[in-house]
Amino acid sequence: MNHRDDRGPIHDRVLDALAAETGASPRLGPGHDWAAVEASLGGLRLPADYKRLVDAFPHGEFGGLVRVVRPGVPDGPESAYPEYYLRLLDDLREQREIEWGIYPHPLYPERGGLLPWGDTLSGQLIFWLTEGDDPDAWPVVWTDRGFEEWQLRRRSMSEFLLELITDPAVERPGLPAGGSGFRAFGGGATAAPIGLLAGHAVPAGSSADQEAPIGFSADHAEPEDAVDGLLEALGTMPIEEPTLEWFVRAGEWGFMFPADYRTFHDTLGPGLFCDIGIFGPGAPEGWNAADLLRAGRAAAEAAGLDHLRFHPDPGGLVPWGMTQDGWLLGWAARHPDPDLWCVAALGPGFVRIDWPELSFSEFLLFHAGIRDGYDVALPDRPRWSGPPTFRGLAD
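Numbered by numbering that gives the first Met the number 0, the letters in the sequence shown go through residues 0 to 394 in order.
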């Protein structure tokens, strides 16, 4: 990686080691207008290794774990730090007002505040602590998705990445052991960040070559089984005996389906809940969840969106439903326990939204208006306004 461009030599030994370890191919050619990017941050100077990495490496994912923030991704010009992350910091400040003490450090643009430089598949943000006048001395701060466990490491961004993918013994709250490779996002596509408060969608103006954010929640509630209340609202009770051989389906899919979904499916089967089609494994043609999975994966591949994950990719989307106007609904399979999988939606133009606190049954309760207090509206769709209904395949 010892090449030269208009900004001078790129010969940082850690970046060299990172390229060698991951097998990434550094790019030649002009880089970003870093003076303009830093001006968009009020003149805040950014670390040299970050600028070198962004200019030299293609956009991608390190070790199957971390994606580095890049100017212009997912929104705004390439001459500016992504507005998305600045809005995210505003969201975190609002949450801090509600739960004072949840953040042990200030938040940029507060003096010495946290500024995100990366995000992870499991919904975590990785920050610089922008303390002092030398950005090359900024330490790395990261936290779990619930903001309960914080770590400060006196390492540069590139040192942190190298350690993360080469040392399996390094402490990594909330993250699995990663690989050592680098996966570039192909087809001209870009991958959007993984840190957005629940229920928010990709910013307006996003195109079909951008994946919308995968959410996290500042109050870190876990999905819960609410199927009894859902079935009661539909005027029925859970069936006592399973109607589907779930262990057979688990062998076919590689996991046991979440308990609330199994109960719903055993009781009612596939069909139309309000305005959402509920699909099932092994269901007839037109209602089979495997068909949804194949269709979603094929559409992403045809669009060149290599970064969009579907089962069996780690953390991939497992579809369970679809709306008539093309929203694919499923689980974000990021937890080893399927009962803790949250609901995610992938819409027209590959806009993605996650609701990290909501199970299958909780999402349907809010969607039908049986419960209120949580916004599950999909962009540009009318809300369901009638009583909850279900029509099975035999109806």
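All C-beta atoms, glycine included, are put in the ideal place defined by N, C-alpha and C.
Practice item. Might you give, ordered along the chain, the residues of its own chain that have their beta carbon closer than 6 Å to the beta carbon of residue 271, omitting 5 neighbours on each side? Key: 390
Is DSSP giving residue 407 helix, strand or coil here? Within the shown structure, residues of the chain are numbered from 0 to 394, placing residue 407 beyond reach of any answer.
Give me the residue from 157, 78, 238 and 278 with the minimum Cα distance to residue 138. In terms of CA proximity to residue 138, 157 leads the group 157, 78, 238 and 278.
Going by other Cβ atoms of all chains shown within 10 Å of its Cβ, with 16 needed for buried, is residue 41 buried or exposed?
exposed
For residue 260, I'd like the list of residues in its chain whose CB is within less than 6 Å of its CB, leaving aside the five on either flank, ordered along the chain. 359
Inset, instruction - Starting from residue 321, follow the beta strand (DSSP E) in both directions and report where the run begins and ends. - result: 316-322
Note to self: Can you give me the C-alpha to C-alpha distance between residue 20 and residue 251, rounded to a whole angstrom?
What the structure shows: 35 Å
Inset, instruction - Could you tell me how far apart the beta carbons of residue 140 and residue 113 are, in whole angstroms, since I believe they sit closer than 8 Å? - result: 6 Å
**OP:** Throw me the rounded Cβ distance for the residue 330 and residue 343 pair, which I believe falls under 8 Å.
**Re:** That pair is a contact at about 7 Å.
Whose C-beta lies closer than 8 Å to the C-beta of residue 31 among residues of the same chain, with five residues either side of it excluded?
Sequence-distant Cβ neighbours of residue 31 in its own chain, meaning closer than 8 Å and more than five residues away, are 50, 53, 54, 70, 77 and 78.
- Query: If you follow the beta strand (DSSP E) that residue 343 is part of, which residue opens it and which one closes it?
  - Reply: 341-345
| query | Given residue 364, which residues of its chain have a CB within under 7 Å of its CB, disregarding the five upstream and five downstream residues? | reply | 225, 228, 229 and 370
Practice prompt. Following the continuous beta strand (DSSP E) through residue 250, name the residue where it begins and the one where it ends.
Written response: No beta strand (DSSP E) holds residue 250; the alpha helix (DSSP H) holding it covers 245-252.
Extent of the continuous beta strand (DSSP E) to which residue 400 belongs
Limits of the chain in this structure are 0 at one end and 394 at the other, which puts residue 400 out of reach.
With C-beta atoms as the reference, is residue 258 less than 8 Å away from residue 338?
Against a cut-off of 8 Å, the Cβ pair of residue 338 and residue 258 comes out as a contact.
*With a CB to CB cut of under 6 Å and the five nearest residues on each side skipped, what residues in its chain are close to residue 263?*
The residues 226, in chain order, have a CB closer than 6 Å to that of residue 263 in the same chain once the five nearest residues on each side in sequence are set aside.
Exercise for review: Below 7 Å CB to CB, which residues in the same chain sit around residue 242 once its five sequence neighbours on both sides are set aside?
Suggested key: Answer for residue 242: 265, listed in chain order.
| DSSP state of residue 280, grouped into three classes? | coil
Among the residues of its own chain, which have a CB less than 7 Å from the CB of residue 17, if the five just before and after it don't count?
-> 157, 160 and 161
Exercise for the section: Give a yes or no on whether the C-beta atoms belonging to residue 319 and residue 254 are separated by under 8 Å. Expected result: no
Report yes if the CB atom of residue 132 is closer than 8 Å to the CB atom of residue 47, and no otherwise.
-> no
I'd like the list of long-range same chain contacts for residue 322, defined as Cβ closer than 8 Å, with 5 residues on each side in sequence excluded.
274, 275, 276, 328, 377 and 380
- Message: One question on the structure: do residue 280 and residue 294 come within less than 8 Å of each other, judged by their Cβ atoms?
- Response: no
Helix, strand or coil, according to DSSP, for residue 59 in the structure here? strand
Next item on the list: Quick one: grab the DSSP three-state call for residue 391.
Entry: strand
Are the CB atoms of residue 118 and residue 86 nearer to each other than 8 Å? no
Is residue 268 near residue 392, with beta carbons less than 8 Å apart? Yes, these two residues count as a Cβ contact at 8 Å.
**Request:** Drop a sphere of 10 angstroms on the beta-carbon of residue 202, count the other beta-carbons inside from all chains shown, and report buried for 16 or more, exposed for fewer.
**Result:** Note that residue 202 has pLDDT 31, beneath the 50 cutoff, so the model's placement of it is unreliable and no number is given.
Length of the line joining the Cα atoms of residue 385 and residue 108 = Looking at the two C-alpha atoms, the distance is approximately 45 Å.
Quick check: the Cα distance between residue 282 and residue 155, rounded to an integer number of angstroms?
Taking the straight line joining both Cα atoms gives about 52 Å.
Quiz item: What is the rounded straight-line gap between the Cα of residue 312 and the Cα of residue 355?
Solution: Approximately 19 Å between the Cα atoms of the pair.
TODO: Please report the Cβ distance between residue 68 and residue 115, rounded to the nearest whole angstrom; I am assuming they are in contact, meaning their Cβ atoms lie under 8 Å.
DONE: 6 Å
**Study point:** residue 146, DSSP secondary structure in three states
**Key:** coil
Beta-carbon separation (whole angstroms), residue 357 vs residue 341, contact threshold 8 Å = 6 Å
*What are the boundary residues of the alpha helix (DSSP H) that residue 116 is part of?*
From DSSP, residue 116 is part of no alpha helix (DSSP H) but of the beta strand (DSSP E) over 113-119.
(message) Per DSSP, what are the beta-bridge partners of residue 127 in this structure?
(response) In the DSSP assignment, residue 127 is bridged to 114 and 139.
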